[in-house]
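This report refers to the structure that appears directly beneath it.
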Amino acid sequence: MLTLYLSALVLLPVAALLAQASHGGASSFRPEISSREAVAAIELTLSSSAIVVAVNALFGTLLAWVLVRDSFPGRRIVDALIDLPFALPTIVAGVLLLALYGKNGPTGIDVAFTRAAVVLALLFVTLPFVVRSVQPVLIELDRSMEEAARSLGAKGFTVFRRIVLPNLTPAILSGAALSFARAVGEYGSIVLISGNLPFRTEVGSVYVFNQVSNSDFPAASAVSVVLLAAALIVLGAATLATHARSRHVR
Amino acid sequence: MSASGRLSLRLLALGYLAALLLAPALMLFYRTFEHGLAPVWQAITAPNALHALLLSLQIVAIVVPLNTAFGIGIALLIERRRFPGRALVGMLVDLPFAISPVIVGLSLVLVYGRTGWLGDWLSQHGIEVIFSVPGMVLATAVVSLPFVARETIPVLREIGSDAEHAAATLGAGPWQTFWRVTLPAIRWAVSYGVVLSTARALGEFGAVSIVSGNVEGKTQTLPLYVSDQFENFNLTGAYVATALLALLALLTLLAMSLLARRAGLDTLDRTNTLEVSA
Chain A
8 MLTLYLSALV LLPVAALLAQ ASHGGASSFR PEISSREAVA AIELTLSSSA
58 IVVAVNALFG TLLAWVLVRD SFPGRRIVDA LIDLPFALPT IVAGVLLLAL
108 YGKNGPTGID VAFTRAAVVL ALLFVTLPFV VRSVQPVLIE LDRSMEEAAR
158 SLGAKGFTVF RRIVLPNLTP AILSGAALSF ARAVGEYGSI VLISGNLPFR
208 TEVGSVYVFN QVSNSDFPAA SAVSVVLLAA ALIVLGAATL ATHARSRHVR
Chain B
5 MSASGRLSLR LLALGYLAAL LLAPALMLFY RTFEHGLAPV WQAITAPNAL
55 HALLLSLQIV AIVVPLNTAF GIGIALLIER RRFPGRALVG MLVDLPFAIS
105 PVIVGLSLVL VYGRTGWLGD WLSQHGIEVI FSVPGMVLAT AVVSLPFVAR
155 ETIPVLREIG SDAEHAAATL GAGPWQTFWR VTLPAIRWAV SYGVVLSTAR
205 ALGEFGAVSI VSGNVEGKTQ TLPLYVSDQF ENFNLTGAYV ATALLALLAL
255 LTLLAMSLLA RRAGLDTLDR TNTLEVSA
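Protein chains in written order, with the numbering used here: chain A, 8 to 257; chain B, 5 to 282.
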């Protein structure tokens with residue numbers, strides 16, 4: 008029963024995807040992904056995801072720091088709020104962002120149908136990853152190391168850079184890798200706000216969707232495999248890096 | 005750290021959060037109720053909106069119990085049995101988290117679609133999967149598959165199998181052991197997984213969007229309805245349905261934090277498991 012269920016849901020579909028992508032061998036795989044539109048879409052996906060990872064590493068760590076080391080009224084509410092992007096359906100994320108940062112928004116900022124919109128949507132849906140992986144490490148971090156550094160004359164930022172940051176690096180890496188994997192495959196939050204203009208704002212997942220709609224399964228499968236490989240490689244690399252650096256995160 | 009340094013970090017962090025999360029959420033609720041309650045009521049009771057809501061709930065009602073049963077089964081298989089390919093099963097269960105929902109939809113079409121691997125067999129037997137509700141159920145089941153298993157596995161590992169062995173020694177059968185010993189120990193983890201699967205199943209867009217054909221009043225779930233309304237410039241309809249989905253998500257968040265406290269899950273466990281929407 009279990010085997011049947013897993014096969015029907017995951018094993019068989021993934022096998023079909025790989026078979027379709029490799030159908031006709033590498034000779035037909037290459038033209039599929041090297042169509043100019045596909046390349047542009049993959050490039051946009053990878054570059055936006057890279058930006059998102061960098062911003063998340065920075066602000067995710069900052070948010071975790073403020074939530075653990077700072078105290079202010081409403082901190083618990085802010086803490087609960089961090090999970091909101093995980094609980095919200097992605098289409099809701101897209102509509103939310105359009106309501107504020109779209110046409111006729113109250114801010115006067117209109118990012119709709121731009122590449123900035125893609126990055127904004129990705130930042131929204133990946134917000135929790137780094138915060139939630141750094142937070143527990145920061146809570147358990149032994150503060151006597153920092154006190155020792157401080158008593159030896161190190162100033163605030165030096166203590167952070169030399170003592171705290173090295174301890175957080177594995178957690179930041181794994182959170183960043185998760186947000187990269189998520190960003191590479193993201194669809195629902197992007198589809199409304201980006202406008203899906205080929206060569207401009209069409210990301211990889213939207214390209215795949217459009218090819219499926221046109222029943223061009225070879226092209227859709229080829230790009231899918233590239234996206235999937237990018238996500239898995241980054242996840243795998245981060246796992247290796249974290250294991251090499253520390254073993255306390257399961 | 006100096007007080008002013010602390011304050012500016014706090015402001016920077018909270019400002020980022022406000023700009024990215026809070027302000028858009030408030031704006032959504034403003035837009036929803038901007039013209040009063042009458043249009044909101046009208047939008048909720050529009051036949052296609054009601055149908056979409058009902059279909060979403062139906063799919064949840066099929067998928068969540070299935071994935072709960074199989075999730076527990078898979079967790080038990082991985083934690084309590086030793087067999088070749090155990091690592092593979094673990095990987096397969098986690099895979100839907102790493103795959104884009106769009107790719108999930110595409111792979112299902114490649115198997116169950118008309119030109120897919122099982123296409124001929126299915127059409128000979130008059131079974132329609134893709135572009136109809138069974139396909140949508142299937143897609144939702146795939147994307148919400150990992151939650152219960154992932155929540156349950158660490159708890160099963162932690163409690164160990166001593167109590168189960170003791171029960172067996174005292175003459176309990178496998179089912180009795182499961183209902184009286186194992187299930188009570190894992191119930192909070194399972195409930196947490198159920199909440200996460202429900203949220204994910206309710207909000208799934210990409211995978212369902214590919215396999216549904218998106219026919220209004222027939223194969224349209226609430227998220228698909230939102231996107232459709234938005235593209236047809238029926239903004240009130242889109243905002244109202246969005247607000248409804250957001251409300252359900254807030255309830256999920258509430259249930260999550262209550263259950264997390266109940267289950268004694270700390271934030272460390274939550275990082276590994278929280279990945280509801282896509």
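We put the beta carbon where it would ideally sit given N, CA and C, even for glycine. Remember, it's a predicted structure, so these values are computed and weren't measured experimentally.
Beta-carbon separation (whole angstroms), Phe74/B vs Leu9/A, contact threshold 8 Å: On the second sequence, residue 74/B is found 70 positions in, with the first residue counted as 1. On the first sequence, residue 9/A is found 2 positions in, with the first residue counted as 1. The distance from the Cβ of Phe74/B to that of Leu9/A is about 6 Å, consistent with a contact at the 8 Å cut-off.
Pair within 8 Å by beta-carbon distance, Phe120/A and Pro92/A: Here the question's residue 120/A lines up with position 113 in the first sequence. Here the question's residue 92/A lines up with position 85 in the first sequence. Cβ atoms of Phe120/A and Pro92/A: not closer than 8 Å.
Beta-carbon spacing of Phe187/A, Val241/A below 8 Å: The residue given as residue 187/A occupies position 180 in the first sequence. The residue given as residue 241/A occupies position 234 in the first sequence. Judged by beta-carbon spacing, Val241/A lies within the 8 Å limit of Phe187/A, meaning their Cβ atoms are closer than that value.
Nonlocal neighbours in the same chain, by C-beta distance under 8 Å from Leu199/A, ignoring five residues either side: On the first sequence, position 192 is the one that residue 199/A refers to. Closer than 8 Å at Cβ, skipping near neighbours: Ile98, Gly101, Val102 and Leu105.
Per-residue contacts from Ile98/A into chain B (C-beta, under 7 Å): The residue given as residue 98/A occupies position 91 in the first sequence. Residues of chain B passing the Cβ test: Phe209, Pro227, Val230 and Ser231.
Pair within 8 Å by beta-carbon distance, Val185/B and Ala167/B: Residue 185/B sits at position 181 when you count from the first residue of the second sequence. Residue 167/B sits at position 163 when you count from the first residue of the second sequence. Yes.
Neighbour flag for Thr246/B against chain A, beta carbons, 8 Å: Taking the first residue of the second sequence as 1, we reach residue 246/B at position 242. At a cut-off of 8 Å, the C-beta of Thr246/B has a neighbouring C-beta in chain A.
Proximity test, Cβ basis, 8 Å: Pro225/A and chain B: Counting from one through the first sequence, the residue named residue 225/A turns up at place 218. Output row for Pro225/A: interface = no.
Extent of the continuous alpha helix (DSSP H) to which Ser186/A belongs: For the purposes of this step, residue 186/A is taken as residue 179 along the first sequence, with counting starting at 1. Under the DSSP assignment, Ser186/A falls in the alpha helix (DSSP H) whose first and last residues are Leu172 to Gly192.
Start-to-end residues for the alpha helix (DSSP H) that takes in Glu162/B: Indexing the second sequence from 1 puts residue 162/B at position 158. Boundaries of the alpha helix (DSSP H) around Glu162/B: Pro150 to Ile163.
Whole-angstrom C-beta distance between Ile107/B and Leu24/A, which should lie under 8 Å: Taking the first residue of the first sequence as 1, we reach residue 24/A at position 17. Taking the first residue of the second sequence as 1, we reach residue 107/B at position 103. Under the criterion of beta carbons closer than 8 Å, Leu24/A and Ile107/B qualify as touching, at roughly 7 Å.
Closer than 8 Å to chain B by CB, Asp77/A: What you label residue 77/A is simply residue 70 of the first sequence in a count that begins at 1. At least one chain B Cβ lies under 8 Å of Asp77/A.
Whether Thr144/B touches Ile63/B by CB criterion (8 Å): By 1-based counting over the second sequence, the position of residue 144/B is 140. By 1-based counting over the second sequence, the position of residue 63/B is 59. Yes; because the gap between Cβ atoms is below 8 Å, this pair is in contact.
Segment contact flag, the segment 209 to 219 of chain B with the segment 204 to 221 of chain A, C-beta cutoff 8 Å, min 3 pairs: Result yes; three or more Cβ-Cβ pairs closer than 8 Å.
Neighbouring residues, chain A, relative to Thr256/B (Cβ below 7 Å): Residue 256/B sits at position 252 when you count from the first residue of the second sequence. What Thr256/B touches in chain A: Ala94.
Per-residue DSSP class, three states only, for Thr246/A: For the purposes of this step, residue 246/A is taken as the residue at position 239 of the first sequence. DSSP places Thr246/A in helix when its eight states are reduced to three.
Enclosing alpha helix (DSSP H) for Gln142/A [first to last residue]: Sequence index remark: in the first sequence, residue 142/A carries index 135 (1-based). Arg122 to Glu147 is the extent of the alpha helix (DSSP H) around Gln142/A.
C-beta atoms of Val191/A and Leu234/A nearer than 8 Å: Mapped onto the first sequence, residue 191/A falls at position 184. Mapped onto the first sequence, residue 234/A falls at position 227. Closer than 8 Å, so yes.
Through-space distance from Ser136/B to Ala23/B, alpha-carbon basis: Residue numbering aside, residue 23/B sits at position 19 when the second sequence is read from its first letter. Residue numbering aside, residue 136/B sits at position 132 when the second sequence is read from its first letter. Ala23/B and Ser136/B: Cα-Cα distance of roughly 39 Å.
Outcome for Glu154/A when other beta-carbon atoms lying within 10 angstroms are tallied against a minimum of 16: Translated into the one-based positions of the first sequence, residue 154/A becomes position 147. By the neighbour-count rule (16 or more Cβ atoms within 10 Å), Glu154/A is not buried but exposed.
Those runs of the alpha helix (DSSP H) which lie wholly inside the segment 59 to 116 of chain A and span at least 4 residues: As far as the segment 59 to 116 of chain A is concerned, its whole alpha helix (DSSP H) runs of at least 4 residues are 82 to 88, 91 to 94 and 97 to 108.
Cross-chain neighbours of Ala188/A in chain B, by beta carbon under 7 Å: On the first sequence, position 181 is the one that residue 188/A refers to. Correct list: Ala102.
Where Gly211/A falls, given that 16 or more other Cβ within 10 Å makes a residue buried: Walking along the first sequence from the start, residue 211/A turns up at place 204. Classified as buried, Gly211/A has 16 or more neighbouring CB atoms from the shown chains inside 10 Å of its CB.
Asp223/A, DSSP secondary structure in three states: One-based indexing of the first sequence puts residue 223/A at position 216. Here Asp223/A sits in coil by DSSP.
Cβ distance (whole Å) where Ala29/B is taken to contact Gly241/B below 8 Å: As a working mapping, residue 29/B is identified with position 25 in the second sequence. As a working mapping, residue 241/B is identified with position 237 in the second sequence. Wrong, their Cβ atoms sit about 19 Å apart, outside the cutoff.
First through last residue of the alpha helix (DSSP H) which encompasses Pro205/A: As a first step, residue 205/A must be located in the first sequence, where it is residue number 198. For Pro205/A, no alpha helix (DSSP H) run applies, since DSSP gives it neither H nor E.
Cβ of Arg35/B within 8 Å of any chain A Cβ: Position 31 of the second sequence, counted from the start, is the residue given in the question as residue 35/B. For Arg35/B, the answer is yes, since a Cβ of chain A falls inside 8 Å of its Cβ.
Under 7 Å from the C-beta of Val67/B: neighbouring residues of chain A: Reading the second sequence from its first residue, position 63 is the one you call residue 67/B. Those within 7 Å of Val67/B in chain A number zero; the least Cβ separation is about 11 Å.
Distance, Gly115/A Cα to Leu107/A Cα: Taking the first residue of the first sequence as position 1, residue 107/A is located at position 100. Taking the first residue of the first sequence as position 1, residue 115/A is located at position 108. Distance from the CA of Leu107/A to the CA of Gly115/A, rounded to the nearest whole angstrom, comes to 9 Å.
Own chain residues within Cβ distance below 8 Å of Ser181/A, not counting five before or after: Along the first sequence, one-based indexing puts residue 181/A at 174. For Ser181/A, where only same-chain residues beyond five positions count, the Cβ hits under 8 Å are Ser140, Ala245, Thr246, Thr249 and Val256.
Residues that Ser228/A contacts on chain B, provided the C-beta gap is smaller than 8 Å: Translated into the one-based positions of the first sequence, residue 228/A becomes position 221. Contact note: Ser228/A reaches chain B through Leu110 and Leu114, using a C-beta cutoff of 8 Å and chain order.
Beta carbon of Val126/A nearer than 8 Å to that of Ser78/A: Within the first sequence, the letter at position 119 stands for residue 126/A. Within the first sequence, the letter at position 71 stands for residue 78/A. In this structure, the beta-carbon distance from Val126/A to Ser78/A does not fall below 8 Å.
Ala15/A, enclosing alpha helix (DSSP H) - first and last residue: Along the first sequence, read from residue 1 onward, the residue named residue 15/A stands at position 8. Ala15/A -> no alpha helix (DSSP H), and no H or E assigned at all.
Candidates Ala17/B, Val219/B and Glu38/B: closest to Arg82/A by CA position: The sequence position of residue 82/A within the first sequence is 75, counting from 1. Measuring C-alpha to C-alpha distances from Arg82/A to each of Ala17/B, Val219/B and Glu38/B identifies Ala17/B as the nearest.
Between the CA atoms of Pro143/A and Val171/A - distance to the nearest angstrom: Indexing the first sequence from 1 puts residue 171/A at position 164. Indexing the first sequence from 1 puts residue 143/A at position 136. Spanning the alpha carbons of Val171/A and Pro143/A requires a straight line of approximately 13 Å.
Reduced DSSP category for Phe216/A - H, G, I as helix; E, B as strand; rest coil: Mapped onto the first sequence, residue 216/A falls at position 209. Reduced to three states, the DSSP call for Phe216/A is helix.
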